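Structure first, commentary second.
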Amino acid sequence: MTHDFSEPLAEDIEPETELENNWRQYLSFSTDHKVIGVQYMVMTFIFFLIGGLLAMLIRAELITPASNVVDRPLYNGLFTLHGTIMIFLWIIPFNAGISNYLVPLMIGARDMAFPLLNAISFWILPPSGILLLSSFLLPNGTAQSGWWSYPPISLQVPPGQPINGEFIWIVSIVLIGISSIMGAVNFVTTIFWMRAPGMTFFRMPVFVWSALSAQLLQLINLPALTGALILLLFDLSFGTQFFKPTENGDPIIYQHLFWFYSHPAVYIMALPAFGIFAEVLPAFARNPLFGYRSLAVASLGIAVVSIFVWVHHMFTSATPGWMRMLFMVTSMLVAVPTGVKAFGWTATIWKSKLHLETPMLFAMGGAAMFLLGGVTGVMLAAVPFDLHVHNTYFIVGHFHYIVFNTITMAIFAAIYFWFPKITGRMYAEGWGKLHFWLTFIGANLTFFPMLPLGLQGMVRRISSYEPRYQGWNVIASLGGFLLGVSILPFIANMVGSLLHGQRAGNNPWLATGLEWTTTSPPPRDNFEVIPVVRRPPYDYGDPKYSVIEPPDYHQAEH
Amino acid sequence: MLRFLEYLLIAGCIAVLLVVSHWIGHLAYFWMPPEATEEAQKVDSLFSFLTSIGAFIILGLVGMMVYSVIFFRAAKNDYSEGHPSRGDFKLEILWTATPTILVLWIAWQGLNIYQQLDVLGLRQIVHLHTPLEEPAYAAASDDKPKPAAETVEVFVKQWDWTFRYPNNVTSHELHLPVNLRTRLNMHAQDVLHSFYVPEFRLQQYIVPGRNIDLVVTPIRTGEYKLKDALFSGTYFALMDANVRVESLEQYNQWLSTAEHEPNTIKNQAVAEYTQPPKTLFKSNWYTVAPAQEAIANERKVMNDT
Ligand code: HEM
Ligand SMILES: [Cu+2]
Numbered sequence: 120m121t122h123d124f125s126e127p128l129a130e131d132i133e134p135e136t137e138l139e140n141n142w143r144q145y146l147s148f149s150t151d152h153k154v155i156g157v158q159y160m161v162m163t164f165i166f167f168l169i170g171g172l173l174a175m176l177i178r179a180e181l182i183t184p185a186s187n188v189v190d191r192p193l194y195n196g197l198f199t200l201h202g203t204i205m206i207f208l209w210i211i212p213f214n215a216g217i218s219n220y221l222v223p224l225m226i227g228a229r230d231m232a233f234p235l236l237n238a239i240s241f242w243i244l245p246p247s248g249i250l251l252l253s254s255f256l257l258p259n260g261t262a263q264s265g266w267w268s269y270p271p272i273s274l275q276v277p278p279g280q281p282i283n284g285e286f287i288w289i290v291s292i293v294l295i296g297i298s299s300i301m302g303a304v305n306f307v308t309t310i311f312w313m314r315a316p317g318m319t320f321f322r323m324p325v326f327v328w329s330a331l332s333a334q335l336l337q338l339i340n341l342p343a344l345t346g347a348l349i350l351l352l353f354d355l356s357f358g359t360q361f362f363k364p365t366e367n368g369d370p371i372i373y374q375h376l377f378w379f380y381s382h383p384a385v386y387i388m389a390l391p392a393f394g395i396f397a398e399v400l401p402a403f404a405r406n407p408l409f410g411y412r413s414l415a416v417a418s419l420g421i422a423v424v425s426i427f428v429w430v431h432h433m434f435t436s437a438t439p440g441w442m443r444m445l446f447m448v449t450s451m452l453v454a455v456p457t458g459v460k461a462f463g464w465t466a467t468i469w470k471s472k473l474h475l476e477t478p479m480l481f482a483m484g485g486a487a488m489f490l491l492g493g494v495t496g497v498m499l500a501a502v503p504f505d506l507h508v509h510n511t512y513f514i515v516g517h518f519h520y521i522v523f524n525t526i527t528m529a530i531f532a533a534i535y536f537w538f539p540k541i542t543g544r545m546y547a548e549g550w551g552k553l554h555f556w557l558t559f560i561g562a563n564l565t566f567f568p569m570l571p572l573g574l575q576g577m578v579r580r581i582s583s584y585e586p587r588y589q590g591w592n593v594i595a596s597l598g599g600f601l602l603g604v605s606i607l608p609f610i611a612n613m614v615g616s617l618l619h620g621q622r623a624g625n626n627p628w629l630a631t632g633l634e635w636t637t638t639s640p641p642p643r644d645n646f647e648v649i650p651v652v653r654r655p656p657y658d659y660g661d662p663k664y665s666v667i668e669p670p671d672y673h674q675a676e677h
Numbered sequence: 002m003l004r005f006l007e008y009l010l011i012a013g014c015i016a017v018l019l020v021v022s023h024w025i026g027h028l029a030y031f032w033m034p035p036e037a038t039e040e041a042q043k044v045d046s047l048f049s050f051l052t053s054i055g056a057f058i059i060l061g062l063v064g065m066m067v068y069s070v071i072f073f074r075a076a077k078n079d080y081s082e083g084h085p086s087r088g089d090f091k092l093e094i095l096w097t098a099t100p101t102i103l104v105l106w107i108a109w110q111g112l113n114i115y116q117q118l119d120v121l122g123l124r125q126i127v128h129l130h131t132p133l134e135e136p137a138y139a140a141a142s143d144d145k146p147k148p149a150a151e152t153v154e155v156f157v158k159q160w161d162w163t164f165r166y167p168n169n170v171t172s173h174e175l176h177l178p179v180n181l182r183t184r185l186n187m188h189a190q191d192v193l194h195s196f197y198v199p200e201f202r203l204q205q206y207i208v209p210g211r212n213i214d215l216v217v218t219p220i221r222t223g224e225y226k227l228k229d230a231l232f233s234g235t236y237f238a239l240m241d242a243n244v245r246v247e248s249l250e251q252y253n254q255w256l257s258t259a260e261h262e263p264n265t266i267k268n269q270a271v272a273e274y275t276q277p278p279k280t281l282f283k284s285n286w287y288t289v290a291p292a293q294e295a296i297a298n299e300r301k302v303m304n305d306t
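Each protein sequence line maps, in turn, to chains H and S.
Counting from 120, one number per residue, gives the positions in the first sequence under my numbering.
Counting from 2, one number per residue, gives the positions in the second sequence under my numbering.
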């Protein structure tokens, strides 16, 4: 406990915040990037809760070997929608939301380049999400072919039912994709053209670098998925045969197009998380970000390499030997820029003055868990090993170490870190720590057992399994329920602090970065005067370089 | 002097790390089911190698983080700088070069072992309805099937495995002679499936209309389970088949008795389709009907690959 909040941090008689004045703006078609950012984050969090409920049902089924909780078609629908929601309605749009909130503030802009387009990008999402969920109400239920929807299995739908789960699934994913492409155009334009005077590329925070890299990937790769899904829709509903093997179509082409987007999607999800680590770790270590330039460039490096690795999802598919070898090497090369990142984070913490508040706990926990996710990733890139564990729980364990233990943890770090900026109030530290420990323990209990299960050959997506796999499955299921519980202190904390939290002041963490120089929450146009940037970012080591003047109560400590 | 001691300490830590991660690499062999093929031995040695390297990296970096959490805590309200260094060019070069070299080393090992596995996989595209074209394609391909002592045809569909042996016996069990290279020539009828026996450490998708082979050399007699590893619809979880690796005499003996005895293994998917088990929640959503037994036997005639 380093902060002493018994003393008011800022004058308590601050004018009523905008938030209190009109919460209604969050339900309106606002073009303010901050409102849109919050809209994204709150909406995606609701989808995260729904996706989490589905996961708990899946884990309830898997606590015993037999199939006895849900029948098999329902189980298949559950994991399909769980995966789909978590990827397309939680992590990717959450990142769009937090980037929306932060990028203009971080580069000293008044708003995004195209505010109206920004609002439209957001408002496509709620109807698409509701459409997707509505498929639970269809007589034959949701899509059941997994979030990757491989043909020909995805084309096996109830005869005589033009509106079926798969149809709705495709339509909603295409809509979500259109929203993402519109968002990406906006982000890339904003970062290129809206930077404040003096904000050169090498003065941009790493978060902005990683948002830029992620959004470039959206622009380059997402059209491949959209195209593939439209062809799939034609096969499904209009009798074409692009992917039907019995009629000279080729299902493998679908896999190529799908993974051409969906591998980079992993980095579209992970890069902003790396950006969050780069903001949070230095602030709580009181060190400059070690190797800032290499970490910034590594973001772009990861994005570039990740475009050329998609076939590692198809090593055991109809893939000839030479292609297996080629993509083994490219896949492993991603480890170089990601390695640079991991070393940079560690070196930032080394010989520092650590403050272990909730954002830091989540960031360090997430960075540490990323090591296991990354190492298992390199293992999977080694073709002979992948031939053994592909489509087993080893994969499920590996990617949850990335998507939950790294990215979702980073998202929590970000929420706690910028909560004072967004709301003008502090969250409750004790509840935050409780949330962290429940999450950290729950996540490892849930996802670690999946690695040995996969090594022993438990196949993913099965709704019943051989009794010999039960031990680890029980642990994983209990861990999953614990994760479900862990979200309760978080919600309580957020709602309670929003209403009754202490006033936070402009810069409670004494962090560098332009977003901390404006008020909390920032005014409609972000800055009274557009700032002029003269310093490199992360000036924690050298007070004379700091963009911000330390507040008085801080000076007293020197 | 202090500097020297520091370096000595770091060297000591690295030495301990090396020993520990080497040991973890050895443990890795015990995390997997028994090795039932020659290929499994090679895959396991690669996994052990990968585990050692991975353990070294994880323990090293997590160790540094834990050390920091213990020893580098700031005093309450001390918001002064930690240390002012923004980077170290030599260090950054070092840690870009290290993963590069490691990764190239790992890729080299992977390549070597893949070469030794020699499992074939995809050969050339076969046109389903024009079997006459096949010889021309096969001749042009440099991916010639390696000599194998035995060839078994594998047929898979929703949700059943069938195997056809050289003497035209068909069965729902996969029998393999031990210590002989056997080529599995695999055909899918409806959707994608994946051939996977955990003890063999091998997996291969089976794509309708493509000529896909897998070569295995079993070295350990016993009973294993073949699974479909690629999601194939409602009864996916039930798509198992028994695999029996046996001595050549037993294998031949089984082949000759199987010629006279009909298939008796009942299909779990069919059983469940006709009599669904009790579950807490029931959706009654549509499912593809599993093909009945009669169709299973007919299919070998239809297949033209
Ligand atoms: C809340 C904790 C979570 C639990 C307990 C959980 C559990 C599971 C389980 C049991 C599966 C089924 C694996 C299979 O049969 O293939 C699964 C699949 C999946 N999960 Fe999660 N998960 C959680 C969070 C997440 C998050 C945050 C993401 C974010 C991207 C995610 C993404 C996926 C995906 C993409 C799949 C694959 C679905 C498929 O196989 O089609 N999960 N999860
Ligand atoms: Cu990938």
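Heads up, the beta-carbon is just placed ideally off N, CA and C, and yes, glycines get one too.
All values reported here derive from a predicted model rather than from experimental measurement.
Residue i vs residue j beta-carbon contact at 8 Å
{"i": "residue 334 (chain H)", "j": "residue 384 (chain H)", "result": "no"}
{"i": "residue 394 (chain H)", "j": "residue 463 (chain H)", "result": "no"}
{"i": "residue 402 (chain H)", "j": "residue 218 (chain H)", "result": "no"}
{"i": "residue 152 (chain H)", "j": "residue 237 (chain H)", "result": "yes"}
{"i": "residue 114 (chain S)", "j": "residue 494 (chain H)", "result": "no"}
{"i": "residue 362 (chain H)", "j": "residue 270 (chain H)", "result": "yes"}
{"i": "residue 536 (chain H)", "j": "residue 399 (chain H)", "result": "yes"}
{"i": "residue 83 (chain S)", "j": "residue 405 (chain H)", "result": "yes"}
{"i": "residue 555 (chain H)", "j": "residue 480 (chain H)", "result": "yes"}
{"i": "residue 74 (chain S)", "j": "residue 146 (chain H)", "result": "no"}
Supposed contact pair residue j and residue i - C-beta distance, whole angstroms, cut 8 Å
{"i": "residue 154 (chain H)", "j": "residue 541 (chain H)", "result": "No, residue 154 (chain H) and residue 541 (chain H) are not in contact; Cβ-Cβ is about 11 Å, not under 8 Å."}
{"i": "residue 596 (chain H)", "j": "residue 172 (chain H)", "result": "Wrong, their Cβ atoms sit about 14 Å apart, outside the cutoff."}
{"i": "residue 34 (chain S)", "j": "residue 575 (chain H)", "result": "6 Å"}
{"i": "residue 426 (chain H)", "j": "residue 339 (chain H)", "result": "7 Å"}
{"i": "residue 204 (chain S)", "j": "residue 509 (chain H)", "result": "5 Å"}
{"i": "residue 272 (chain H)", "j": "residue 156 (chain S)", "result": "About 18 Å separates the two Cβ atoms, so there is no contact after all."}
Identified DSSP bridge partners for residue i
{"i": "residue 245 (chain S)", "result": "S:176 and S:224"}
{"i": "residue 195 (chain S)", "result": "S:206"}
{"i": "residue 213 (chain S)", "result": "S:123 and S:187"}
{"i": "residue 156 (chain S)", "result": "S:163 and S:188"}
{"i": "residue 38 (chain S)", "result": "S:219"}
Contacts of residue i in chain S (Cβ-Cβ under 7 Å)
{"i": "residue 574 (chain H)", "result": "32 and 33"}
{"i": "residue 566 (chain H)", "result": "None at all; the shortest Cβ gap to chain S is about 15 Å."}
{"i": "residue 383 (chain H)", "result": "Those do not exist, as residue 383 (chain H) stays about 19 Å from chain S at its closest Cβ, beyond 7 Å."}
{"i": "residue 546 (chain H)", "result": "Those do not exist, as residue 546 (chain H) stays about 19 Å from chain S at its closest Cβ, beyond 7 Å."}
{"i": "residue 473 (chain H)", "result": "69, 70, 73, 74 and 75"}
{"i": "residue 503 (chain H)", "result": "43, 44, 47, 111, 114, 115 and 118"}
Per-residue contacts from residue i into chain S (C-beta, under 9 Å)
{"i": "residue 409 (chain H)", "result": "86, 87, 88, 89, 92 and 93"}
Partner residues on chain S for residue i, Cβ-Cβ distance less than 8 Å
{"i": "residue 552 (chain H)", "result": "Simply none; closest approach about 14 Å."}
{"i": "residue 290 (chain H)", "result": "Here the premise fails: no neighbours, minimum Cβ distance about 19 Å."}
Amino acids of chain H, ordered along the chain, whose beta-carbon sits closer than 8 Å to that of residue i
{"i": "residue 204 (chain S)", "result": "435, 506, 507, 509 and 510"}
Proximal chain H residues relative to residue i, where beta-carbon distance stays under 9 Å
{"i": "residue 8 (chain S)", "result": "Neighbours of residue 8 (chain S) on chain H: none; closest Cβ ~16 Å, over 9 Å."}
Listed by chain order, chain H residues near residue i by CB distance under 7 Å
{"i": "residue 13 (chain S)", "result": "Within chain H, no residue comes near residue 13 (chain S); the closest Cβ sits about 18 Å away, beyond 7 Å."}
For the region 246-266 of chain S against the region 167-177 of chain S, do three or more pairs of beta-carbon atoms, one drawn from each stretch, fall closer than 8 Å, so that the two count as touching?
yes
Could you tell me whether the region 304-324 of chain H touches the region 339-357 of chain H, where touching means 3 or more Cβ pairs closer than 8 Å?
no
Flag this pair as touching only if the region 436-450 of chain H and the region 205-218 of chain S have three or more C-beta atom pairs under 8 Å; answer yes or no.
yes
Given 8 Å as the limit, is there contact between the region 200-208 of chain H and the region 625-638 of chain H, that is, 3 or more CB pairs closer than that?
no
With a cut-off of 8 Å, do at least 3 Cβ pairs link the region 238-245 of chain H to the region 283-302 of chain H?
yes
Would you call the region 104-112 of chain S and the region 499-506 of chain H touching, i.e. three or more CB-CB distances under 8 Å?
yes
Okay, do the region 94-103 of chain S and the region 456-474 of chain H touch, 3+ Cβ pairs below 8 Å being the bar?
yes
Would you check if there are 3 or more beta carbon pairs closer than 8 Å linking the region 648-657 of chain H to the region 556-575 of chain H?
no
Evaluate contact between the region 577-585 of chain H and the region 36-44 of chain S, counting only Cβ atoms and requiring at least three cross-stretch pairs below 8 Å.
no
How about the region 220-239 of chain S and the region 193-203 of chain S: do they share at least three Cβ pairs that are nearer than 8 Å?
yes
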